[in-house]
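Following: one structure in structure tokens, then a few remarks.
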Amino acid sequence: MDFKIKGFCKIYFILFCSLFTYSAEANTRSLYLPAGDLGQILQEIAIKFGVSFSYDPALIKGKSNVLLNGRYTLDESLRLILSEHNITYELKNSGFILYRKPSKSVQPFIEEITVTSSFNQISEELTLTPKNIIDDLSFEEIKRSPSTNLAEAIQQMSGVTITRELGEGKKTSIRGGTPDFSLTTLNGMPVLANNDSPMDSRIQKEKDRSFDLNILPAELFRSVSIQKAYSAPSLPGGISGTIELDLINPSDLGDFYFYISPQIGFNDYSTDLAKNISSIISNSWENWGVLASITYSERSSEEQGANTFRWRNIPFDDVDLSALSQHDRDSLVNGDYIIPRGNRYSVWQASHERLGANLSLEYNTEDTHIDLDILTGYLKGNRYEFHVYPRGENSTPVVKNLSVITDVEVNEYNELVYANYKQANVSTENRAQSIETTYEQSTLSISKNLTNKLKMNALLGVELSKYNIPYSNKVYTRGVSDVSIDYRNTPYYADIQYSENLESLDMWVLDHGDLETYSSSNKYYFAQVDFNYLVNNTFEIQFGADWAAHKSKVANKKLNDIALDRESGSPLHLNEVPSAFINAQNAHKKLKWLKLHTNDTLQFFGLDPYRIEQNIGQTSYENEAVTEYSKGVYSSLNISLENWITDVGFRYQSDQITSIKAPSTPITYGVFLPTVNTAYAINNDWQVYLGYSKNYSKPTLESLDFYGNAHLTEHSKYVFNPDLKPYISNNTDISFNGQVGANKALGILFFYKDIKDYIVTTLIDGDNRQGYNTSSETLIWHDNAESAYQWGSEVSFKYLLQNTYWGFSMNASYNEGKVTYYNPATGLPLFKKQLPYLSDVTASGTIFYDSPKALFKISSVYRGSYIERAGEILIDEDETGFLPTTYFNAFFSYSFIDNWQVKLSAFNLTNEEVRQYSNSNYRANNTTTSGRSVYLGFSYTYR
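All residue numbers for the sequence shown refer to the working numbering, where the first residue is 602 and numbers rise by one.
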């Protein structure tokens, strides 16, 4: 990796030096504009030259342009694409105006539409396209948004929600679907790369098909498109939608282009400055273009909060209950009260660095376009956890034959919301973890005009991603203290009080340690070829084929419960450990306690914290591997009439999937995916879109590798299902969008998804039990035994105050979708509830001021509660999820000199509390805050 980064920096330096040696024809741009809709091409030209334009929409409706490929001035490009039409133009200082060629001296009606890629843009809502419903975020908008990574940049797009880790965006859900139901493509090929959450209460070491968007910085990307409706030419695999990521290319930036933007950041919970620097350099010589972009950041972060190990009916025996009423004594002895376990105060700290770099090489001739992109990146760092909590019997404060309970209080649900314990067990947990995520991708795309009507596009790509935890180690201490646990006033953030000084060395003894290492990798190989044949101005035929191979591997090693004591077996007090290993933990806002340097402490006991295999003990191993091969062919017919555009197509996709759990019985299937999409221009201001499509998502990686044995009963067993099929979704989409006057844009969308072959854990019936040599065990497998549905609506509105630079934008959505959940231990149905990750209401709003010199915007993002997972996953948890959140961000930029801008970004202005619940009764599980962040920087652009 270091060699590749050094080589990349050398290339970047060479390109930077060309700033002083390159001289190009002034005011020209390298353009590759294929034949297509004239309105879209005019917008592309305006963006390339950084200007605005005005026109009467009726003037260009239904018109197309000739192919434009080469280096042109603005005047030359307009003259060439308008040569076949009865349209003329006039160049202005700020752009150009289109007119119908007059036969008499009559001034035409003009409706001004600005396309400067700024936030203040209305006309982009009006693109007439039948292929899908798409939301876009351009390169300029990414630069002009408060974002620490790509997930943060896209969270305000309609129908998009994100999850966060350590206060930063990570995973993306489209229309509230599980991340497994979203396909991510990068430069046209499907990709997959994961890391995990450090938090015990969240899913760790995730095995899903999503792409973690915090791996790469936002500044590397030309555009982000969210495709919500499906059409046959698009890659299948995401029944919720597709996130299309495209890297910046030289032709996007014209001639010589240089951009640099350094920033520093502050956070409430960190004493270290965050640092970020992004830079792009691009140049073109005749038919060639070269671009290098690089972004590097360092950041320290923290989350802190209160959490439980969930709630459980626990009978208390061998405990002094004499101070309680007879009713409370009987209830505690019988296990009638539901007891909160763990009751921790916690701090999660991390320091990480992120690097992303892209090298793009382009070649353009009149009929050929070749693009090679080489992308590399990493996200690595160290993470630390510190917890203090009662850790007696069943993770309660109780120590048998020692503890005394003097006071209790329960609520109407028989939940123990207050208790006072004397002589209780108290423990600390200290965790040190190293993480390394690397990502590498290379894509080669070729576009060739074979004839004046036939065009070929080809793509070859390879992606390699790895996620490693070289070590994840824990050290526990224990002591004795009186403790009270109170949920009465703050049900999601317990008030926990200890009688002892938790910063005293004398009260703690070392208990035990745990060691773990983990690694996962993904390899993707992809090839695609497409052909477009323009029959005439009405009909266009598109057909093609693609092939993909995906290999996923996981390896996990654990060595737990290592005694940390003297050779005699007697405990070791902290005052006998070198003082350099111990520090006061002063980060938590509620309580102070001691923390240990985990790895130093393990080495003090003769253990190797960095190489688990060098230690003596019972090490557990887990290995998983899935190999997939996919093939697809498609064809579509595009019909363009005066006010109608219709696309009718079909795709046939076949997959072969092999799991290491059953290498000799691969899963094979084929699916037929028809699509019909049409758009109709009602008038100059409004259009309607109608679509039907069938799409699919592959079985989850977790269902191919099982859950393991953690959820099974003594007489139950998981077996592999060789007949497993994908999730199938039949989709209906309807949308209306347009302009209300010259300064308002409105979009309304409705959709319905009928999801078949939903995968759940079920009992194997009698016929399928044949071949298994068992009659006493309960056999369970993953099967396509359920169906689900989802419907929803989205509204987007943008309003610009006339004759001002002020405006407002809003997106809101409502979703409903249900499925039956099953118990993974028994294979029996439990209940029917909302689909996982689906929030019923999401919304975002932005107030902005967007002038030529200054941009200011303050935005809020609301996400309603949602289920993360359900089914009796643990003995005391039938579901877990998150309560509603509202985040506020702000951004300000000011151009104080030509090409120079100062930028100020602020995130999480209210220090939002993230509350995770446990069980369908919404009991407290995990509540955290991550602090406010502010970034200050500047940017310089030369072009």
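The C-beta atom is built at its ideal place from N, Cα and C for all residues, glycine as well.
On a predicted model such as this, the values are computed, not experimentally measured, just so you know.
Endpoints, alpha helix (DSSP H) assigned at residue i
i     : result
Q1215 : That residue, Q1215, is in no alpha helix (DSSP H); it is neither H nor E in DSSP.
I642  : 639–650
T1405 : T1405 -> no alpha helix (DSSP H), and no H or E assigned at all.
H928  : 927–935
S852  : 851–854
Residue span of the beta strand (DSSP E) that contains residue i, given as start and end
i     : result
I940  : 939–941
H1251 : With the sequence shown as reference, residue 1251 is identified as Phe, and His is not the correct amino acid for it. Run containing F1251: 1245–1260, per the beta strand (DSSP E) assignment.
E753  : From DSSP, E753 is part of no beta strand (DSSP E) but of the alpha helix (DSSP H) over 751–755.
V1081 : 1055–1087
F867  : 858–868
R1032 : 1017–1050
N908  : 889–908
E766  : 761–766
E1303 : Careful: E1303 lies outside any beta strand (DSSP E), inside the alpha helix (DSSP H) at 1302–1306.
L1203 : No beta strand (DSSP E) holds L1203; the alpha helix (DSSP H) holding it covers 1199–1205.
Three-state secondary structure (DSSP) of residue i
i     : result
S624  : For S624, the pLDDT reaches just 34, beneath the cut-off of 50, and the residue's location in the model is therefore unreliable, leaving the point undetermined.
S718  : Because the pLDDT of S718 is 33, which lies under 50, any placement of that residue in the model is unreliable, and the number read from its coordinates should be weighed accordingly. Here S718 sits in coil by DSSP.
P1275 : strand
N1520 : coil
P703  : In this predicted model, P703 has a pLDDT of only 47, less than 50, meaning its place in the structure is not dependable; the value taken from the coordinates is given anyway. The answer is coil: DSSP assigns P703 none of H, G, I, E or B.
R680  : helix
S1330 : strand
A1311 : Interpretation of A1311 is limited by its pLDDT of 46, a score under 50 that renders its predicted location unreliable; the figure taken from the coordinates is listed afterwards. Coil, per DSSP.
T1421 : strand
Q1502 : strand
Q1391 : strand
D968  : coil
N1545 : This structure leaves residue 1545 out entirely; the chain is present only between 602 and 1544.
Rounded separation between residue i and residue j - CA only
i     : j     : result
F1182 : Y990  : 21 angstroms
S862  : T1542 : 9 angstroms
R1516 : N1102 : 29 angstroms
I1261 : S1153 : 10 angstroms
D856  : E887  : 10 angstroms
N983  : T786  : 29 angstroms
V716  : T674  : Legend: pLDDT at V716 = 30, less than 50; position of this residue unreliable, value from coordinates given subsequently. Approximately 18 angstroms, taken between the alpha carbons.
T1266 : P1323 : 6 angstroms
Y870  : F1508 : 13 angstroms
L1302 : S885  : 44 angstroms
Q1024 : N1526 : 25 angstroms
I1335 : F1351 : 5 angstroms
G1465 : S1440 : 5 angstroms
V707  : Y700  : The predicted position of V707 is uncertain, since its pLDDT is 30 and thus under 50; a value taken from the coordinates is nonetheless stated next. Each residue's alpha carbon lies about 10 angstroms from the other.
T1557 : S655  : Past the edges of the chain, shown from 602 to 1544, lies residue 1557, and the structure says nothing about it.
L558  : D1384 : Missing from the structure shown is residue 558; the chain here goes from 602 to 1544 and no further.
S684  : A1444 : 45 angstroms
Q1186 : Q1502 : 41 angstroms
S1540 : Q1219 : 55 angstroms
I1459 : F1493 : 9 angstroms
L727  : I1349 : In this predicted model, L727 has a pLDDT of only 36, less than 50, meaning its place in the structure is not dependable; the value taken from the coordinates is given anyway. Each residue's Cα considered, the two are about 13 angstroms apart.
G1062 : W1407 : 44 angstroms
N1284 : D638  : 17 angstroms
Whole-number beta carbon distance between residue j and residue i, since they are thought to touch under 8 angstroms
i     : j     : result
A830  : N1244 : No, A830 and N1244 are not in contact; Cβ-Cβ is about 20 angstroms, not under 8 angstroms.
D1112 : L1165 : 7 angstroms
L848  : V825  : Actually they are not in contact, since the Cβ atoms of L848 and V825 sit about 11 angstroms apart, beyond 8 angstroms.
V1320 : L1380 : 6 angstroms
T1118 : I1213 : 5 angstroms
The ligand PLP heavy atom lying under 7 angstroms from the CB of residue i
i    : result
N959 : Ligands are entirely absent from the displayed structure, and the ligand PLP is therefore not among its contents.
Interface flag, residue i vs chain E, CB-CB below 8 angstroms
i     : result
Q1257 : In the displayed structure, chain E is absent; only one protein chain is listed.
Subject >> Validate contact between the stretch 907–920 and the stretch 970–986 using beta carbons, cut 8 angstroms, 3 pairs >> reply: With the cut-off at 8 angstroms, the stretch 907–920 and the stretch 970–986 do not touch.
**OP:** Determine contact between the stretch 1012–1030 and the stretch 1048–1056, defined as no fewer than three beta-carbon pairs at a distance below 8 angstroms.
**Re:** Short answer: they don't touch.
**OP:** Flag this pair as touching only if the stretch 1333–1346 and the stretch 1394–1401 have three or more C-beta atom pairs under 8 angstroms; answer yes or no.
**Re:** Segments in contact, yes.
Original post:
Just checking, does the stretch 1225–1236 make contact with the stretch 1248–1257 on the three C-beta pairs under 8 angstroms criterion?
Top reply: These segments touch.
Subject >> Cβ contact (3+ pairs, closer than 8 angstroms) linking the stretch 1188–1197 and the stretch 1207–1218 >> reply: By the Cβ rule, the stretch 1188–1197 does not count as touching the stretch 1207–1218, because fewer than three pairs are nearer than 8 angstroms.
**OP:** Would you be able to state if there are at least three C-beta pairs under 8 angstroms between the stretch 1118–1126 and the stretch 1086–1095?
**Re:** Cβ pair count under 8 angstroms is below three, so no.
**OP:** Evaluate contact between the stretch 754–766 and the stretch 774–781, counting only Cβ atoms and requiring at least three cross-stretch pairs below 8 angstroms.
**Re:** Taking 8 angstroms as the limit for Cβ pairs, the verdict is that the stretch 774–781 does touch the stretch 754–766.
Subject >> Cβ contact (3+ pairs, closer than 8 angstroms) linking the stretch 1445–1453 and the stretch 1429–1437 >> reply: No, the stretch 1445–1453 does not touch the stretch 1429–1437.
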